[in-house]
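Numbering (full-length UniProt numbering), first residue to last: 1 to 253. C-beta: ideal position from N, C-alpha, C; glycine also. Working notes, beginning with the structure itself.
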């Protein structure tokens, strides 16, 4: 052997890629804001396609952890996100998550502007769940591929929920001048609304009478919420349909 022996370190291996990263656990409230960001960062570093964090804690944390992982701006593998108590800023679509097909956010810090920008960027989105998220005031839900929409109203926090680009639009009027609007997107097959019955939301019998066969399933969820599962096959024969701006229709009652 000519010359001194030289040892070469092997090239560091990239982290193995995982397809699914699902955590379902109970944690103490003081640890939630610390452990959740670490789990999210671990999952994104491994280029997962499915990221689901079902971390149960009671009481829920008062502060949301920041979901701002700019180092993964080129993450194009993520197809599904489900997480809660996160501060969604900037919009997910601007963070390289435009490949998302399913998004569930529960009790997150989510503004109207962030919601709009996220939906604009995530054009492949097929399923959207917004569950008791805070800071929303006038929610507009839209998307060329959205098939399933679920919205859970945070009591006494929202003024309007609206689904745009609809040939038909249903308005469910609530107390204190609040109301929830849901419309028919091009691909929408199912919509779920959780409405606060303590806020004078229309009773279950009235909803049945108004929607008749268009309402496939209605049942009470405890004291606070009604669950409305609507198959969106609304027909032009419905009475009291009035033209609305944006070319849709509003059902007045």
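Asked, Found
"Sheet register partners of residue 80 (DSSP bridge)", "50, 102"
"Proximity below 8 Å, CB of residue 105 to CB of residue 124", "no"
"Reference residue 80, options 28, 55, 44, 109, closest by Cα", "44"
"Helix, strand or coil at residue 42 [DSSP, three-state]", "helix"
"Coarse secondary structure for residue 35, derived from DSSP in three states", "helix"
"Neighbourhood of residue 82 by C-beta, 6 Å cutoff - its chain only, sequence neighbours within 5 removed", "52, 104"
"Collapsed DSSP secondary structure at residue 145 in the structure displayed", "coil"
"C-beta contact flag for residue 98 and residue 65 at 8 Å", "no"
"CB-CB length for residue 139 against residue 115, believed under 8 Å", "6 Å"
"Which of helix, strand or coil DSSP assigns to residue 132", "coil"
"Span separating the alpha-carbon of residue 23 from that of residue 148", "24 Å"
"Residue 56 burial status per 10 Å Cβ neighbour count (16 or more: buried)", "exposed"
"Opening and closing residue of the beta strand (DSSP E) in which residue 115 lies", "No beta strand (DSSP E) contains residue 115, which is instead part of the alpha helix (DSSP H) from 112-121."
"Same chain, Cβ closer than 6 Å to residue 129, five either side skipped, listed in chain order", "104, 150"
"Buried/exposed call for residue 36, threshold 16 Cβ in 10 Å", "buried"
"Of the residues 146, 88, 108, the one placed nearest residue 134, counting alpha carbons only", "108"
"Which listed residue (127, 49, 32) has its alpha carbon closest to that of residue 84", "32"
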